[in-house]
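J.: Here's a structure for you.
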Amino acid sequence: MKILVINAGSSSLKYQLIDMDNESIIAKGLVERIGIE
Numbered sequence: 003m004k005i006l007v008i009n010a011g012s013s014s015l016k017y018q019l020i021d022m023d024n025e026s027i028i029a030k031g032l033v034e035r036i037g038i039e
């Protein structure tokens with residue numbers, strides 16, 4: 003089973019894709035400065 007975890011803040015977004023079968027992180031990332039001019 004794969005789980006997508008998303009943490010959305012006021013100006014950033016963090017995500018992590020986890021494979022629960024072997025307890026490993028498949029992908030993770032961070033997007034900052036969303037909506038900032």
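Residue 19 in our numbering is what sits at position 17 of the sequence shown, and the numbering runs on without skipping anything. Cβ coordinates follow ideal geometry from the N, Cα and C atoms, glycine included. All values derive from a computational prediction rather than experimental measurement.
1) Pull the bridge partners of N9 from the DSSP assignment, please.
2) Residues in its own chain within less than 6 Å of K16 by CB, not counting five upstream and five downstream?
3) Who are D23's beta bridge partners in DSSP?
4) Leaving out the 5 sequence neighbours to the left and right, which residues in its chain are closer than 6 Å to D23 when beta-carbon positions are compared?
T.: In this structure, then:
1) The residue you call residue 9 lines up with position 7 of the sequence shown. K16.
2) The count along the sequence shown starts at 1 and reaches residue 16 at position 14. Cβ contact annotation for K16 (same chain, cutoff 6 Å, sequence separation greater than five): N9 and L32, in chain order.
3) By 1-based counting over the sequence shown, the position of residue 23 is 21. In the DSSP assignment, D23 is bridged to no other residue.
4) Position 21 of the sequence shown, counting from 1, holds the residue named residue 23. If we look at D23 and ignore the five residues flanking it on each side, it has no Cβ neighbours.
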